[in-house]
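Read through the structure below, which is laid out as structure tokens, and then see the notes.
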Amino acid sequence: MITDLVRELGAEVGLDLPAVHVTGDDPVLPSAFRVGTAAAATVGAVTAAVALVLRSERDRLAASKRSPDGFLGGGPPAPDAGRVPAERVTVDVREAAIAFRDERYFRIDGEAGGLWAPLSGDYRTADGWVRLHCNFDHHRDAALRALGLPLEADKEQVAEACARRMALSVEEAVTEAGGCAAAMRSRAEWDAHPQSAAVAETPLVAIRRLDHEGSGVPAPDPRGGATAAAGRPLEGIRVLDLTRVIAGPVASRTLAAHGADVLRVGAAHLPEVPGLVVSTAFGKRSCEIDLRTREGVAALRELVAGADVLIQAYRPGALAALGFGPEDLAAIRPGIVSVDISAYGTRGPWAGRRGFDSLVQMACGIAHEGGDGDRPVPLPAQVLDHSAGWLAALGALAGLLRRRAEGGSWHVELSLARVARWLDGLGRVDGGQVAEPDPSDLLDEMDAPQGRLTYVRAPGAIGDLRPYWTSPPPRRAEHPPAWW
Numbered sequence: 203m204i205t206d207l208v209r210e211l212g213a214e215v216g217l218d219l220p221a222v223h224v225t226g227d228d229p230v231l232p233s234a235f236r237v238g239t240a241a242a243a244t245v246g247a248v249t250a251a252v253a254l255v256l257r258s259e260r261d262r263l264a265a266s267k268r269s270p271d272g273f274l275g276g277g278p279p280a281p282d283a284g285r286v287p288a289e290r291v292t293v294d295v296r297e298a299a300i301a302f303r304d305e306r307y308f309r310i311d312g313e314a315g316g317l318w319a320p321l322s323g324d325y326r327t328a329d330g331w332v333r334l335h336c337n338f339d340h341h342r343d344a345a346l347r348a349l350g351l352p353l354e355a356d357k358e359q360v361a362e363a364c365a366r367r368m369a370l371s372v373e374e375a376v377t378e379a380g381g382c383a384a385a386m387r388s389r390a391e392w393d394a395h396p397q398s399a400a401v402a403e404t405p406l407v408a409i410r411r412l413d414h415e416g417s418g419v420p421a422p423d424p425r426g427g428a429t430a431a432a433g434r435p436l437e438g439i440r441v442l443d444l445t446r447v448i449a450g451p452v453a454s455r456t457l458a459a460h461g462a463d464v465l466r467v468g469a470a471h472l473p474e475v476p477g478l479v480v481s482t483a484f485g486k487r488s489c490e491i492d493l494r495t496r497e498g499v500a501a502l503r504e505l506v507a508g509a510d511v512l513i514q515a516y517r518p519g520a521l522a523a524l525g526f527g528p529e530d531l532a533a534i535r536p537g538i539v540s541v542d543i544s545a546y547g548t549r550g551p552w553a554g555r556r557g558f559d560s561l562v563q564m565a566c567g568i569a570h571e572g573g574d575g576d577r578p579v580p581l582p583a584q585v586l587d588h589s590a591g592w593l594a595a596l597g598a599l600a601g602l603l604r605r606r607a608e609g610g611s612w613h614v615e616l617s618l619a620r621v622a623r624w625l626d627g628l629g630r631v632d633g634g635q636v637a638e639p640d641p642s643d644l645l646d647e648m649d650a651p652q653g654r655l656t657y658v659r660a661p662g663a664i665g666d667l668r669p670y671w672t673s674p675p676p677r678r679a680e681h682p683p684a685w686w
């Protein structure tokens, strides 16, 4: 099943991926949903796509020895010129599943960080359940205003306020106030929702070329003389990461594990979840830019001009309003691959609605099924976030490979809600009583400015080549907004 899924994911983004050797099977984590299958399929697809990059580079290096032009001279190699045999791509289901919950195992000097704010959680309402996401202070304050509570209200007061109202009423009031909430729906209720229909009409990973066929030539390789044949598969590929919470950071962290240069762009005025920022920042640099200022916009334009990939998870339309929509990015840097991640997609009545993994699980029926409708029970990992992150990395790699073969700039889109639909379609497994796995053999340690870090190693392998991070998470805004 997993090998077929990998092939299907490759076809989704226009890649003929090499076969993946899979070890292990579901169930791995305690859930009826095929969490291990989703993890292994997405990790396997990305690893196979990296193998394509590696093979392409080695083929080009071999061909350049036969051709006076070679790749760097602009001429593609002959189809049979010095082709290097592919190394076996492998993925282990347990390893991938544990990587999907790496934030649970992450430690700083042996201590776990807090992942949830005090008011974040599930609340019983007069007719069901609702989840409030209050990890950011402004989302917390919006929820409290919507519930008619003072800003110093505690969890008990929030529970009392929710208990007096209907779940959908709380969801809408909090959303209208600028907060983040989701009522628990059954799958049937979600299927009847117009947003579900809009999500169903979109691809799992949508990818399109931004300029017309025949325009441009294959973009030059930014690595110059450094190639994957001599170094790491994505060595010299520049990635801008404009994301904050799990999905986007996982995507760029994955690319960094295969050698990409990743610059994470934050802002001093934007709130963050400290533990998640650190655990997803391996192998990256960190800078801050204030896009509310003219200077900040100019600084980002300069970074875009030197980038190969930009990953962003702002609400749909937010960056475009600042002059950084997909077409704008392609104009600034022809050949760029822009990747957009959203909660519910860009179509339908919820297009642009704020959302997070836990909220999408509530809205689309996953949490309802997990608790048999009596109470919400989430997945045993932030599966939608992690799947979306790996699929975003796959989309970025597909854009890079297709840019090389076809030229042009590329735009990739995906949403957590569409990932939820894909996960639901994988079927069920008898895994409700599976014991929690022991991750100890998959953990590693690294010294960092924050302390001694314990983390889950990056999964997947290409022959003897395994992904890894060469640097620890940086301090926030440790680096200037510039490429290196």
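203 is the number of the first residue of the sequence shown in this note's numbering; add one for each residue after it.
Ideal Cβ positions, reconstructed from N, Cα and C, are used throughout, including at glycine.
Predicted, not measured: the structure shown is a model, and the values here were computed from it.
Spanning the alpha carbons of arginine 326 and glycine 350 requires a straight line of approximately 17 angstroms. Taking the C-beta atoms as reference points, valine 506 is found no nearer than 7 angstroms to glycine 597. Sequence-distant partners of aspartate 311 (beyond 5 residues in either direction) whose C-beta falls short of 7 angstroms from its own C-beta, in its chain, are Gly653 and Arg654. For leucine 465, the closest of Val441, Pro473 and Leu472 by C-alpha to C-alpha distance is Val441. Straight across, the Cα-Cα distance linking alanine 533 with arginine 236 is about 41 angstroms. If you look at leucine 317, you'll find it isn't in any alpha helix (DSSP H); DSSP assigns it neither H nor E. Pairing alanine 301 with valine 621 gives a Cβ-Cβ distance that is not under 7 angstroms. By alpha-carbon distance to leucine 472, the top candidate from His460, Ser481 and Cys489 is Cys489.
For a cut-off of 8 angstroms, the C-beta gap from cysteine 336 to alanine 355 is around 11 angstroms, too long to register as a contact.
Assigned with DSSP and collapsed to three states, cysteine 336 falls in coil, not helix or strand. Here the C-alpha atom of proline 582 lies approximately 6 angstroms from the C-alpha atom of proline 232.
In this model, proline 229 and glutamate 571 are separated by some 17 angstroms (Cα to Cα).
In this structure, DSSP gives cysteine 364 a helical state, which the three-state scheme calls helix. Runs of the beta strand (DSSP E) lying entirely within the stretch 213–239, each at least 3 residues long, are 222–225 in chain order. Here the alpha carbons of aspartate 587 and glutamate 647 stand approximately 24 angstroms from one another. Annotation note: the stretch 567–610 contains the following uninterrupted alpha helix (DSSP H) runs of length 4 or greater, listed N- to C-terminal: 568–572 and 585–608.
Going by C-alpha positions, glutamate 403 is about 11 angstroms away from arginine 623. Of the candidates Ala345, Ala369 and Leu353, the residue whose Cα lies closest to the Cα of threonine 377 is Ala345. Judged by their CB atoms, alanine 637 and proline 674 are not nearer to each other than the 7 angstroms cut-off. Judged by beta-carbon spacing, alanine 483 lies beyond the 7 angstroms limit of isoleucine 543, meaning their Cβ atoms are not closer than that value.
Distance between glycine 627 and glutamine 563, taken at the CA atoms: about 14 angstroms.
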